Each structure stands twice: as structure tokens, then as C-alpha cells.
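Participant: In this note's numbering, the protein residues as written are 9 to 236. All C-beta atoms, glycine included, are put in the ideal place defined by N, C-alpha and C. Source: prediction; values computed, not measured. My questions all concern the structure below.
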């Protein structure tokens, strides 16, 4: 089985759906319907990620999130809530939530957000990684290519890490969007993704017009190929 998820929500129907969908995608799921029950679950075993509903019956979800991040700083927290106000999202992120997803949401988007959070935390714990002539320093968020430092924007760095982690796998633009941009409109973001890929190729490929690492799969998306 895969990573352990603790889902905290006072709606049993939502918890059942979350559990079924997450287990289908190979996650292990524990659930809690209130803060007290969640604290008990955390004492029994620490999860790899927490899904936290903002509206809970026995405590303020925002305060509870802040407490969770103070006690378990190495566990990412994604807030799941019906509140769609910008101020609520900003508040959630300011008090430590790693992401914020508004109900109702698509299962695939939730899975993408979970994987993105887990990936970021994994990178923080790792040192560096060499892929062909590319060396990635995850903690320093730095990249060298053929021994030369390469300046990447924050989004270019995240995109490179995502491609490397999924090396050999064909990634659809929609998959990339859900993991890195979080936009709900793939049509308006397809060109944005293509432009970022183009910029990344310019910085890491010997010949950007004939890339070795980041290859286009016509009509589908992109694939990162490990080059010896």
C-alpha cells in the first residue's frame, strides 16, 4: 500500500467517498469526524498527509490546522472546505495549510494535489539527484547542467522536478496543470505549459529544437527521458 492519509471531516458520506477513492489510488486511509478523534488517530500513528475540513463540530478548523502544523511540521495539510472566498483561502495558507481545495472537487484533482504535496515534502528531505548531465539540489532549489549553474524560475524548477520524478512516463498537459498550476481550465493553460516547457528546454538541453530530455509526445503531452 502507499502513503497514509488522515481524512478529517464531520460528514460520514464524504469520509466514505474519500476513503473509497483514495484507496482505489493505493493510499491507506484513516478517518476522523472531529478534532478529538483526529488527535487520537495521530497518537496511534502519524500519517504522511492530512486532509482537513475547515468546519468541524468541536473546534475551529483554522485554529486546529495551526496547531497541527506547530506539532507536526513535517506532515503536509490540505484543507477541504465549502468556503470559496479568497480571504478564506489566504487565511488557510497563512496559518500553515499546504493547499486549499474547495468542495465539490474532482477526485483526480485531489489526487494530483496530494501527490504534489507529498512530492514537495519528499524533496525537502532529499539532498541532490543526478539525471544524466543534470544535477538537482532539492533543498537549495538549484540546478546545474554539465557543471554550469542554470537559473530557473520557481515554476520551471517545480516543472523539472515533476518531469524527473515521472521519468519515462507520458504526462498529459492536464496532469501537469493539475499538479503544478491548479487551474480548472486546461484550454487556457495549455499554451502556458508549452511555453514553460520551451523555456526549460532552452536552459537544459544541448539542442532545444531536438531535445534529449524533455520529449514531446504528439497529441498527448511530454515525457522526460533519462540520458546516460
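Between which two residues does the beta strand (DSSP E) containing residue 231 stretch?
Facilitator: 229-232
Participant: My assumption, with CB atoms under 8 Å, is that residue 48 sits in contact with residue 39. Please give the rounded CB distance.
Facilitator: Between residue 39 and residue 48 the Cβ distance is about 12 Å, and since that is not below 8 Å, they are no contact.
Participant: In angstroms, rounded to a whole number, what distance separates the CA positions of residue 145 and residue 170?
Facilitator: 14 Å
Participant: For a test of the three-state rule: what should DSSP assign to residue 107, helix, strand or coil?
Facilitator: strand
Participant: Helix or strand or just coil, what does DSSP make of residue 149?
Facilitator: coil
Participant: So what does residue 40 bridge to, in DSSP terms?
Facilitator: 16
Participant: Give me whichever residues DSSP pairs with residue 143 in a beta bridge.
Facilitator: 138, 152
Participant: Measuring alpha carbon to alpha carbon, tell me which of 210, 229, 222 ends up nearest residue 199.
Facilitator: 229
Participant: State yes or no: is the C-beta of residue 13 within less than 7 Å of the C-beta of residue 62?
Facilitator: In this structure, residue 13 lies away from residue 62, with their beta-carbon atoms at least 7 Å apart.
Participant: If contacts are defined as beta-carbon pairs under 8 Å, then residue 85 and residue 69 qualify, I think. What distance do you get, rounded to the angstrom?
Facilitator: Their Cβ separation, rounded to whole angstroms, is 10 Å, which puts residue 85 and residue 69 out of contact at 8 Å.
Participant: Quick one: grab the DSSP three-state call for residue 166.
Facilitator: helix
Participant: Classify residue 46 as buried or exposed, calling it buried when 16 or more other Cβ atoms lie within 10 Å of its own Cβ.
Facilitator: buried
Participant: Can the beta-carbon of residue 172 be found closer than 7 Å to that of residue 225?
Facilitator: no
Participant: Apart from the five residues just before and just after residue 213, which ones in its own chain have a Cβ nearer than 8 Å to its Cβ?
Facilitator: Same-chain partners within the cutoff: 219, 220, 221, 222.
Participant: At what residues does the alpha helix (DSSP H) containing residue 182 begin and finish?
Facilitator: 181-184
Participant: Assign residue 17 to one of two classes, buried (16 or more other C-beta atoms within 10 Å of its C-beta) or exposed (fewer than that).
Facilitator: buried
Participant: Residue 60 by DSSP, collapsed to three states: which one?
Facilitator: Note: residue 60 maps to strand in three-state DSSP.
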